[in-house]
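Student: Please read through the structure below; I'll follow up with questions.
Number of protein chains: 2
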Amino acid sequence: MTVDTRWLDNQQKAAWVRLAAVIELLPAALDSQLRRDAQLTHFDYFVLAMLSEAPARTLRMTALAEHTTATLARLSHVVQRLETRGLVERFPCPEDKRATNARLTEEGWKKVQEAAPGHVTTVRESVIDALSPEQVEQLAGIADAILHRLDPERARAAVYERYDEPG
Amino acid sequence: MTVDTRWLDNQQKAAWVRLAAVIELLPAALDSQLRRDAQLTHFDYFVLAMLSEAPARTLRMTALAEHTTATLARLSHVVQRLETRGLVERFPCPEDKRATNARLTEEGWKKVQEAAPGHVTTVRESVIDALSPEQVEQLAGIADAILHRLDPERARAAVYERYDEPG
DNA sequence: GCCATTTGGTTGTTGCGACAACCATTGCAC
DNA sequence: GTGCAATGGTTGTCGCAACAACCAAATGGC
Chain A
1 MTVDTRWLDN
11 QQKAAWVRLA
21 AVIELLPAAL
31 DSQLRRDAQL
41 THFDYFVLAM
51 LSEAPARTLR
61 MTALAEHTTA
71 TLARLSHVVQ
81 RLETRGLVER
91 FPCPEDKRAT
101 NARLTEEGWK
111 KVQEAAPGHV
121 TTVRESVIDA
131 LSPEQVEQLA
141 GIADAILHRL
151 DPERARAAVY
161 ERYDEPG
Chain B
1 MTVDTRWLDN
11 QQKAAWVRLA
21 AVIELLPAAL
31 DSQLRRDAQL
41 THFDYFVLAM
51 LSEAPARTLR
61 MTALAEHTTA
71 TLARLSHVVQ
81 RLETRGLVER
91 FPCPEDKRAT
101 NARLTEEGWK
111 KVQEAAPGHV
121 TTVRESVIDA
131 LSPEQVEQLA
141 GIADAILHRL
151 DPERARAAVY
161 ERYDEPG
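So the protein lines, in turn, are chains A and B. Numbering-wise (full-length UniProt numbering), the first sequence opens with residue 1 and increments by one. Numbering-wise (full-length UniProt numbering), the second sequence opens with residue 1 and increments by one.
As structure tokens, then:
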């Protein structure tokens, strides 16, 4: 009945428990800083950041969804809210009448620039500056390996290369 | 005005982007497997697992909250649902009338045992087996360092040592 | 012994994410 | 050019998490 489950040894368990705690706490930490300082979710910020780097600060919804590893449905809701707040605008794509383009407004652009420094500082404080340079390199490799399991399609995509802060 | 923000270099950015994707996708992967196979959230499962390891399968709400890195408010809601489903029962603590104890029911115990193998398999498939033994060790160190930034109080607590699967 | 504070916990509201249903456009078969 | 599937996107509903407000019991000062 119970087919041979390969349990975790102590070393593996130690790694997993700590990772589990990180994925529980880190999103909350990022969200709360951005929400407090910029009235933005981390995901909101990510969406704005991706648009800010795109040509003409514009992307098709589908492309934006890929960049942010989100479903179209989720993105649609988020962009709707951002549009209400005047940070983003949507307009139908001329080449494909099914498609919708999302463009960062001037106000949205300002918002990203305001929010970026605080966000980077938080990322530094909670992650990057906690690690040695070797660990940062190791982390890139580890996270990449995990991503190949979680999302084989996109793991090699350019999106993972491009999360720039606007400078 | 804009005080010197230390931006991320390419190596750091690569690590961060990948980590950001992981903390976005991994919780969803864990949740969906457990929800599908056991009608449980990952957090639900964690709560039950912690109780299953406690003496008499019983813990004070406050202690349980610490073990699961959750707020008392969140835990209260979750335990309420689990109680409705008959997996957990609550009763006032004899020694401190303010306090509430949560105890795993027999049904809850069975549920954990049923759910554990599938969960461990998922953890293996998406994380552990994607990494070399050296990377697993590195991951433990990295996650631990991050936890010390996110939650200095609890980073050294025994809880991080104890996420056993029931065997 | 009494009042203030702290501790332990619950509840109500609000907002976001997941999922499924749905509509419109496009591409393809023939 | 008609029929059908695939693509692109939106919307509605439901469940959960965050936050704040709240209540009860316990502790400490004096």
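Glycine included, C-beta positions come from ideal geometry on N, C-alpha and C.
Compare the C-beta of glycine 86 of chain A against all C-beta atoms of chain B and say whether one is closer than 8 Å.
Tutor: By this cut-off, glycine 86 of chain A is not an interface position.
Student: Quick check on DSSP: helix, strand or coil for valine 127 of chain A?
Tutor: Coil, per DSSP.
Student: Grouping DSSP H, G and I as helix and E and B as strand, with all else coil, what is proline 94 of chain B?
Tutor: In this structure, proline 94 of chain B counts as coil in the three-state DSSP scheme.
Student: Do isoleucine 128 of chain B and tryptophan 16 of chain A have their C-beta atoms within less than 8 Å of each other?
Tutor: Yes, the Cβ-Cβ distance between isoleucine 128 of chain B and tryptophan 16 of chain A is below 8 Å.
Student: Taking Cβ-Cβ distances shorter than 7 Å, what residues in chain A pair up with threonine 69 of chain B?
Tutor: Result: Ala21, Glu24 and Leu25.
Student: Give the C-beta separation of alanine 102 of chain A and leucine 40 of chain A to the nearest angstrom, bearing in mind that I take them to be a contact with Cβ-Cβ under 8 Å.
Tutor: 16 Å between Cβ atoms; not a contact.
Student: Hey, is glutamine 135 of chain A's beta-carbon within less than 8 Å of any beta-carbon in chain B?
Tutor: By this cut-off, glutamine 135 of chain A is an interface position.
Student: Where do the N-terminal and C-terminal ends of the alpha helix (DSSP H) with arginine 149 of chain B fall, by residue?
Tutor: Per DSSP, arginine 149 of chain B belongs to the alpha helix (DSSP H) from 133-150.
Student: Is the distance from the Cβ of leucine 131 of chain B to the Cβ of alanine 145 of chain A below 8 Å?
Tutor: Closer than 8 Å, so yes.
Student: Can you pull the chain A neighbours of histidine 77 of chain B, defined as C-beta to C-beta under 9 Å?
Tutor: None at all; the shortest Cβ gap to chain A is about 16 Å.
Student: When DSSP labels each residue in this structure, what does arginine 35 of chain B get in the three-state scheme?
Tutor: Reduced to three states, the DSSP call for arginine 35 of chain B is helix.
Student: Which residues of chain A have a Cβ atom closer than 7 Å to the Cβ of glutamate 125 of chain B, listed in chain order?
Tutor: Going along chain A in sequence order, the residues near glutamate 125 of chain B (Cβ under 7 Å) are Arg149.
Student: May I ask you to list the residues that DSSP assigns as paired with arginine 85 of chain B?
Tutor: Answer by DSSP bridge pairing: none, since arginine 85 of chain B is not bridged.
Student: Is there a Cβ of chain B sitting closer than 8 Å to that of glycine 167 of chain A, yes or no?
Tutor: Per-residue confidence for glycine 167 of chain A stands at a pLDDT of 34, beneath the threshold of 50, marking its modelled position as unreliable; the derived number appears in the next sentence. Yes - at least one Cβ of chain B is within 8 Å of the one on glycine 167 of chain A.
Student: With DSSP as the reference, please indicate the residues paired to alanine 102 of chain B in a beta bridge.
Tutor: B:Leu59 and B:Arg90, per the DSSP bridge assignment.
Student: Thinking C-beta only, is aspartate 37 of chain B closer than 8 Å to glycine 118 of chain B?
Tutor: Closer than 8 Å, so yes.
Student: Short check: CB of serine 76 of chain A to CB of arginine 149 of chain B, under 8 Å?
Tutor: Going by C-beta atoms, serine 76 of chain A is not nearer than 8 Å to arginine 149 of chain B.
Student: Whose Cβ in chain A lies nearer than 8 Å to the Cβ of alanine 29 of chain B?
Tutor: The answer, in chain order, is Leu150.
Student: Using three-state DSSP, classify arginine 6 of chain B as helix, strand or coil.
Tutor: Coil.
Student: Alpha helix (DSSP H) containing leucine 48 of chain B: first to last residue?
Tutor: First-last of the alpha helix (DSSP H) with leucine 48 of chain B: 42-53.
Student: For alanine 56 of chain B, which of B:Leu104, B:Leu64 and B:Gln33 has the nearest alpha-carbon?
Tutor: It is B:Leu104.
Student: Using DSSP with H/G/I as helix, E/B as strand and the rest coil, what is alanine 115 of chain A?
Tutor: Helix, per DSSP.
Student: My output table needs one value for alanine 70 of chain A: the three-state DSSP class, helix, strand or coil.
Tutor: It is coil, neither helix nor strand.
Student: Using the Cβ count rule (16 or more neighbours within 10 Å means buried), how would you classify phenylalanine 46 of chain B?
Tutor: Answer is buried; the Cβ neighbour count reaches 16.
Student: Using 8 Å for Cβ pairs, my map puts leucine 147 of chain B next to alanine 20 of chain A. What's the rounded Cβ distance?
Tutor: Actually they are not in contact, since the Cβ atoms of leucine 147 of chain B and alanine 20 of chain A sit about 10 Å apart, beyond 8 Å.
Student: Using a beta-carbon distance below 8 Å, is proline 117 of chain A in contact with chain B?
Tutor: Closer than 8 Å: yes.
Student: Taking C-beta pairs closer than 7 Å, name the residues in chain B that threonine 62 of chain A reaches, listed in chain order.
Tutor: Simply none; closest approach about 18 Å.
Student: Restricting to Cα atoms, I'd like to know which of B:Thr62, B:Gln80, B:Thr122 and B:Thr68 is closest to aspartate 96 of chain B.
Tutor: Comparing Cα positions, the closest option is B:Thr62.
Student: Could you work out which residue in B:Arg18, B:Ala14 and B:Ile23 is closest to arginine 18 of chain A when comparing CA atoms only?
Tutor: Arginine 18 of chain A has its Cα closest to that of B:Ile23, out of B:Arg18, B:Ala14 and B:Ile23.
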